[in-house]
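Residue numbers (the working numbering), protein chains in the order written: chain A, 2 to 277; chain B, 958 to 1258.
From the three backbone atoms N, C-alpha and C, an ideal C-beta is built for every residue, glycine too.
For reference, the structure is listed below as structure tokens.
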Amino acid sequence: MPLSLKRRSVLPGFGLTMGFTLLYLSLIVLIPLSATFLKTATMSWGQFWNTVTAPRALASYRLSFGASMIAAAINAVFGLLAAWVLVRYSFPGRRIVDALVDLPFALPTAVAGITLTAVFAGNGWIGRYLEPLGIKVAFTPLGVVIALTFIGLPFMVRTVQPVLQDLEAELEEAAASLGASRWQTVARVILPELSPALLTGFALAFARAVGEYGSVIFISGNMPMRTEITPLLIITKLEQYDYAGATAIGVVMLVLSFALLLIINLLQWWSHKRYA
Amino acid sequence: MAEPIVLRRAIASITPARATTEPAIVRWTLIGTASVFLGLFLVVPLAAVVAEAFGKGVSAYVAAFREPDALAAIRLTLLTAAFAVPLNLVFGVVAAWAIAKFEFVGKNLLITLIDLPFSVSPVVSGLIYVLLFGLQGWLGPWLAEHDIKIIFAVPGIVLATIFVTFPFVARELIPLMQAQGTEEEQAALVLGAGGWQTFWRVTVPNIKWGLLYGVILLNARAMGEFGAVSVVSGHIRGLTNTIPLHVEILYNEYQSVAAFAMASLLAMLALVTLVAKSLVEWKSQRDLAIGEGTAARGDVR
């Protein structure tokens, strides 16, 4: 194995393409990101810590992370169900539903935000049935959870679907021939097979939900300490020209994003090993 | 998140009936539950956009688009997409070529770095550009001296959109080109083709569906981006509002028909995106089947 940075290749263009790639990447991504981290270096550690652990910030973390967890969990259950139904059964309209699953991914977040608010508000199509029951959705954390469930839906379904599709029939048939009931086969043979995909989908939906802004701010009501999500806190600080504070919280979110990115990459590497 | 938005094999065929399927009652209960869930989250919002937009009749709907601010917002959105899409497209192809066709140290790191913008929250994406180009940012004083406006002006919006949509085409092409390998390009070179010829006549036809798919998603995201653009734009009516920002302004002013009218444009864009996506998947599945059929000299499905 030659000791070089790049194995020889007959194909042309490595220098040019690599150079352009690194240049563009640095200009658009790396330099702006490092500007953010360097800016926090101008704050003292004490200042940084106080900003990041202020009660309002902590309340926003609780809401953002908590609601994202719950939304991702809901998507894990119903997304798995939807993927199962789409892969295994045939029913009228299946293809349309299958294409529609990507809607939350394709629909701009602001549109999703105002539409969900309109639907779940007190006089909305669904809200008018829930409100008399005492379930208030708009302007409460429940509204946040619903919005985050909406935008995380395709991540779960699209991660589980290909795995379900490629699942070998032999496994189930072997289990059935060995005397397992249908439920036993599903619970002890199929679900464990799906677990890497489920975890990956959960992590993807969670990562997306934590940073989500547009879909949530309309339905949440944005009350500090109660229904204020972390990205909104950043924007509020920016509007008050508290750049240092905004950056501090932004760094917290960035660190979390990178950690999640790492976890997701590990999960996908594990999935790849399992399913390859 | 190195996992790409892979072109799924279109579910064109039903898995054959097995001895091990659930009883019919279970099946239909599951289908019903899934339909309720999906209907609630997918169909109802779509229907609501249409209902609210036309809530006061067609003339109110059309009048919303005659507002100069609305037209300015549409123009700015189109302008932003006109910059973001080609730039990130070129980058995606170039990066995929460098990564997929060559072996080098640090490839995984590079792929992860390219994926970074996908994992960063939109608000933070806008924040980092404010910290770089804003008045208190690194380059702020220099820009102010030369009277160049980036933040709270159009260039900032374009930059933030480029950041947010950065990985879309690259994520799509890299695994595709990696899976295709380098044999065909090497064969072309051996037969005497030059570098550009090889690229245009061998590589591009192979990746055309993945490329189209990536561009469709890129465009949808570029036109619909809200959080990042919200931070850098300054919300100056008629100047620095894209369609999503304008929707927010109208909604906050309780002009709900106008807000939903603008939103319906974006919803239509989303539907067109979904249709285009399905078409591309179908076509690529067909090409794959034809290719396999030719290779195996067997049935083409």
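Spatially closest choice to residue i from the options, by CA coordinates
i, options, result
"K40 of chain A", "B:A1145, B:I1085, B:G1171, B:T990", "B:I1085"
"A1039 of chain B", "B:F1217, B:R1178, B:V1229", "B:R1178"
"K1064 of chain B", "B:L1236, B:Q1135, B:R984", "B:Q1135"
"H273 of chain A", "A:P197, A:N51, A:S65", "A:P197"
"L34 of chain A", "B:I1071, B:A1101, B:I1056, B:V1172", "B:I1071"
"E1129 of chain B", "B:I1173, B:G1012, B:P1079", "B:I1173"
"T248 of chain A", "A:G47, A:I264, A:T52", "A:T52"
"I147 of chain A", "A:L205, A:Q48, A:E213", "A:E213"
"P13 of chain A", "B:P1162, B:E1210, B:S1213, B:G1152", "B:G1152"
"F92 of chain A", "B:L1226, B:T1069, B:A991", "B:A991"
"V1001 of chain B", "B:A1224, B:E1249, B:K1234", "B:A1224"
"S1187 of chain B", "A:A111, A:G94, A:R95", "A:A111"
"G1248 of chain B", "B:P1124, B:N1163, B:V1232, B:E979", "B:N1163"
"V983 of chain B", "A:S10, A:W46, A:L26, A:Y90", "A:Y90"
"L1088 of chain B", "A:L263, A:L239, A:A122", "A:L239"
"L134 of chain A", "A:G123, A:G144, A:P142", "A:G123"
"V1007 of chain B", "B:L1231, B:V1214, B:W1239", "B:V1214"
"G1094 of chain B", "A:W46, A:D243, A:L263, A:V11", "A:D243"
"K1240 of chain B", "B:A1021, B:L1169, B:F1109", "B:L1169"
"W1166 of chain B", "B:I1200, B:A1004, B:K1234, B:Y1211", "B:K1234"
"F1059 of chain B", "B:R1194, B:G1113, B:E1142", "B:E1142"
"A1185 of chain B", "B:I1068, B:R1194, B:V1229, B:V1080", "B:V1080"
Beta carbon proximity, residue i to chain B, threshold 9 angstroms
i, result
"I265 of chain A", "yes"
"F259 of chain A", "yes"
"I115 of chain A", "yes"
"T52 of chain A", "no"
"G123 of chain A", "no"
"L12 of chain A", "yes"
"E213 of chain A", "yes"
"T150 of chain A", "yes"
"Y25 of chain A", "yes"
"T18 of chain A", "yes"
"V161 of chain A", "no"
Contacting residues, own chain, Cβ-Cβ under 8 angstroms from residue i (five flanking each side not counted)
i, result
"F203 of chain A", "A73, A74, N76, A77, M157"
"R1158 of chain B", "A1145, A1150"
Cutoff 7 angstroms; reference residue i; Cβ partners in own chain excluding five residues on either side
i, result
"A1041 of chain B", "V1115, T1118, I1119, T1122, A1179"
"T231 of chain A", "S61, Y62, S65, I250, M254"
"P105 of chain A", "A113, F151, I152, L154, P155"
"G80 of chain A", "L154, M157, V158, V161, G202"
"A1053 of chain B", "A1127, L1130, I1131, M1134"
"I218 of chain A", "G114, L233"
"V211 of chain A", "S65, F66, S69, L257"
Spatial neighbours of residue i in its chain, beta-carbon cut-off 6 angstroms, leaving aside the 5 residues before and after
i, result
"A176 of chain A", "T186, V190"
"A84 of chain A", "V158, V161, Q162, L165"
"A1010 of chain B", "Y1018, F1217, A1218, S1221"
"V1204 of chain B", "A1216, M1219, A1220"
"W1099 of chain B", "none"
Beta bridge counterpart(s) of residue i as assigned by DSSP
i, result
"F219 of chain A", "Bridge partners of F219 of chain A: none, in fact."
Residue-level contact to chain A via CB, residue i, 9 angstroms cutoff
i, result
"I1268 of chain B", "This structure cannot speak to residue 1268 of chain B, because chain B is shown only from 958 to 1258."
"S1187 of chain B", "yes"
"T1208 of chain B", "Per the sequence presented here, residue 1208 of chain B reads as Tyr, with Thr not at that position. Chain A, which has a Cβ nearer than 9 angstroms to the Cβ of Y1208 of chain B, makes this yes."
"W1011 of chain B", "The residue you asked about is not Trp; residue 1011 of chain B is Phe in the sequence shown. By this cut-off, F1011 of chain B is not an interface position."
"A991 of chain B", "yes"
"E1205 of chain B", "yes"
"E960 of chain B", "Confidence at E960 of chain B is low in this model, with a pLDDT of 47, below 50, so the placement of that residue is unreliable and no value is reported for it."
"A1052 of chain B", "yes"
"T1197 of chain B", "no"
"R984 of chain B", "yes"
"V1042 of chain B", "no"
"L1174 of chain B", "yes"
"G1181 of chain B", "yes"
"I968 of chain B", "Because the pLDDT at I968 of chain B is just 46, under 50, the model does not fix this residue reliably, and the point stays unresolved."
"A1220 of chain B", "yes"
"T1037 of chain B", "no"
"G1014 of chain B", "no"
"T972 of chain B", "At T972 of chain B the pLDDT is 47, less than 50, meaning the model places this residue with poor confidence; the figure from the coordinates comes in the next sentence. Chain A, which has a Cβ nearer than 9 angstroms to the Cβ of T972 of chain B, makes this yes."
"F1061 of chain B", "yes"
Closer than 9 angstroms at the beta carbon, the chain D residues around residue i
i, result
"D1072 of chain B", "The displayed structure is made up of protein chains A and B, and chain D is not among them."
Worksheet entry | Near-chain B residues of the stretch 91-110 of chain A (beta-carbon distance less than 9 angstroms), N- to C-terminal order | Within the stretch 91-110 of chain A, S91, F92, G94, R95, R96, V98, D99, A100, L101, V102, D103, L104, P105, F106, A107, L108, P109, T110 place their CB atoms closer than 9 angstroms to a CB of chain B, listed in sequence order.
Item to complete: Check distances from the C-beta atoms of the stretch 237-258 of chain A to those of chain B and list, in chain order, the residues that come in under 7 angstroms.
Response: For the stretch 237-258 of chain A, residues whose beta-carbon sits nearer than 7 angstroms to a beta-carbon of chain B comprise L239, Y244, A247, T248, G251, M254, L255, S258.
Worksheet item: Residues in the stretch 34-50 of chain A with C-beta within 7 angstroms of chain B's C-beta atoms, listed in sequence order?
Response: Correct list: L34, A36, T37, K40.
Item to complete: May I ask you to list, following chain order, the residues of the stretch 1080-1096 of chain B that have a beta carbon less than 8 angstroms from some beta carbon of chain A?
Response: Listed in sequence order: V1080, V1081, L1084, I1085, Y1086, V1087, L1088, L1089, G1091, Q1093, G1094, W1095.
Practice prompt. Residues of the stretch 1135-1150 of chain B with a CB closer than 9 angstroms to any CB of chain A: list them in chain order, please.
Written response: The stretch 1135-1150 of chain B vs chain A, Cβ under 9 angstroms: T1139, E1142, Q1143, L1146, V1147.
Discussion item. Against chain B, which members of the stretch 174-190 of chain A pass a CB distance test of less than 7 angstroms?
Written reply: Residues E174, A177, R183, T186.
Fill in: Chain-ordered residues of the stretch 1222-1245 of chain B with a beta carbon less than 7 angstroms from chain A
Those residues of the stretch 1222-1245 of chain B that come within reach of chain A (Cβ to Cβ, closer than 7 angstroms) are L1223, A1224, A1227, T1230, L1231, K1234, S1235.
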